[in-house]
Ligand SMILES: [Zn+2]
């Protein structure tokens, strides 16, 4: 164990510091706009493209961190908004930080809480250049989030990658308000980048601008000009037309600095993952695999499988013939369907385990394909298989 501990310690001191000879991100292969790379964090390296399972409240719902490790999850998400209110960043810091608190030794990225504040528009009381005042979804009490507080919460949590507080506009926002959101996001980002961080903690800026080419370009230019360790495209996947969203990623992602990681906030369906990887995105997250797991829907290489469907009652096959997860190695669709229809916790956990593993393997497959410069073939073959079952192809379009 000692050499491993030394290595982790060595990694810890080698990233993030000023004059650091090792950049926190390297691109190791490209295929068109798509990239394979490595993100270096205080808690280890993350091969990219990377799918990040979401552990909003310091848990990926239903899954033990040991299980996530065995599924080859390399980085998890936590959420500053939720952890700030429950149980509080001070309490987590007192107990050794988020990694120790949740029993996960690998990298963690924390979202700033901007998305949570702005996706609950009815709770916003005031928005200005210093921050945003809103009602907490926990107790309805008045609360305020500023760039300084977003930095402080994430510093106390001790995440490996912190995100800037941003104004995340919904899809139906007027251009005037979108422009104002872009402006405020830059003001906040320029303040947050000066704030103290946890040792080695990376900080990513977020570009806004919706689908508006001029505003998105402006935001990218302003945010990238501030010198962050990585950049995110925010304000997408918020209810806009899917084709228009992908088109935006297509022209926006290549404008983000090529030597820094590019993070698409909030995509996790198999088709969407392939589409954004092809357009040059390195990291992405979504609650989809565990949310679908809890409703009894499995993501498989031949499309979605709704285990509540009676046709699986006597099906002795695994969820996915191609999968090596504990659910597929040990159990039949018939058994998991029985568990799901009876609301047994094990059933929902098994489908969640499988779904996370499926997306991690899909992403790893895309990474290999980029290294072999055959991403287009990999994508075409994967999509063909996903659409091979007409019934499940229909299911696929359901949220
Ligand atoms: Zn599986």
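Residue numbers (our numbering): 74 to 472.
C-beta: ideal position from N, C-alpha, C; glycine also.
At a threshold of 7 Å, residue 393 counts as near ligand 1, since its beta carbon sits closer than that to one of the ligand's heavy atoms. Taking 8 Å as the cut-off, the Cβ atoms of residue 334 and residue 264 do not count as close. Counting only runs of 3 or more residues that sit fully inside the stretch 201 to 277, the beta strand (DSSP E) segments are 204 to 208, 215 to 218, 234 to 236, in chain order. Not one heavy atom of ligand 1 is found less than 7 Å from the C-beta of residue 142. By the Cβ rule, the stretch 100 to 111 counts as touching the stretch 442 to 450, because three or more pairs are nearer than 8 Å. When secondary structure is reduced to three states using DSSP, residue 305 falls in the strand class. In the three-state reduction of the DSSP assignment, residue 170 falls in the coil class. Assignment of beta-bridge partners to residue 376 by DSSP yields 373.
For residue 165, the closest alpha carbon among the candidates 125, 299, 228, 223 is that of 228.
In this structure, DSSP gives residue 162 a helical state, which the three-state scheme calls helix. Taking a cut-off of 8 Å on C-beta distances, the stretch 277 to 289 touches the stretch 314 to 332, as three or more cross pairs fall below it. Straight across, the Cα-Cα distance linking residue 310 with residue 417 is about 32 Å. With a threshold of 16 other beta carbon atoms within 10 Å, residue 272 falls short and is exposed. Here residue 241 is actually not in contact with residue 341; their C-beta atoms are around 17 Å apart, not less than 8 Å. Under the three-state reduction of DSSP, residue 401 is assigned to helix. For residue 431, the Cβ falls inside the 7 Å cut-off from some heavy atom of ligand 1.
Around the C-beta of residue 368, fewer than 16 other C-beta atoms lie within 10 Å, and the residue is accordingly described as exposed. For residue 120, the enclosing beta strand (DSSP E) has its first and last residue at 117 to 121. Residue 356 carries a strand assignment under DSSP once its states are collapsed to helix, strand and coil. For ligand 1, no non-hydrogen atom lies closer than 7 Å to the CB of residue 407. Assigned with DSSP and collapsed to three states, residue 197 falls in strand.
Residue range 315 to 325 is occupied by the alpha helix (DSSP H) that includes residue 325. Beta bridge pairing from DSSP links residue 110 with 100, 121.
Rounded to whole angstroms, the Cβ separation of residue 232 and residue 274 is 7 Å, and the two are in contact under 8 Å. With respect to residue 435, residue 398 sits apart: the two C-beta atoms are not nearer than 8 Å. A distance below 7 Å between beta-carbons, with the five flanking residues on each side excluded, links residue 133 to the following residues of its chain, in chain order: 126, 127, 141, 149, 363. Annotation for residue 386: 407, 410 place their beta carbon closer than 7 Å to its own, counting only its chain and skipping 5 residues before and after.
Between residue 304 and residue 331, the gap from beta carbon to beta carbon reaches 8 Å or more. Put simply, the backbone Cα of residue 183 is about 9 Å away from that of residue 129.
Within 10 angstroms of the beta-carbon of residue 211 lie fewer than 16 other beta-carbons, which makes it exposed. Bridge partners of residue 181 according to DSSP: 149. For the pair of segments examined, the stretch 248 to 260 was found not to touch the stretch 320 to 328: the number of CB pairs separated by less than 8 Å stays below three.
For residue 335, the enclosing beta strand (DSSP E) starts and ends at 335 to 337. Only residues of its own chain outside the window of five on either side were considered, and among them 108, 109, 110, 331, 332 have a CB closer than 8 Å to the CB of residue 100, listed in chain order. Secondary structure note for residue 433: its alpha helix (DSSP H) is the uninterrupted segment 418 to 444. Residue 346 is bridged by DSSP to nothing; it lacks a bridge partner.
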